[in-house]
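Residue numbers (the working numbering): 0 to 95.
Ideal placement from N, C-alpha and C gives every residue a C-beta, glycine not left out.
Below, the structure is given as structure tokens:
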């Protein structure tokens, strides 16, 4: 066990091993580090996507909607597009 870990973390690790979830304390730490790595990678992808979208907005790629009526029309149009795509997908599947 890594002795410099806080006692509550040490107890948690030992409890995971005692519960049979992991075969050793090292396995618990390895899994924790893998999860942390995955979280960091996901965060970096998220940041990159936010930056890409902000740049797109700065370039004027957006739709301006004024009021509830325009908003409702916009979403009605999206719903119709989804329904059409869904119907086409079902027709293609039924032809198979």
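Limits of the unbroken alpha helix (DSSP H) element including residue i
i          : result
residue 41 : 24 to 57
residue 19 : Taken as a continuous stretch (DSSP letters only), residue 19 belongs to no alpha helix (DSSP H), as it is neither H nor E.
residue 78 : 66 to 94
CA nearest to the CA of residue i, picked from the options
i          : options       : result
residue 25 : 56, 11 and 91 : 11
Cβ-Cβ distance between residue i and residue j below 7 angstroms
i          : j          : result
residue 15 : residue 27 : yes
residue 64 : residue 73 : yes
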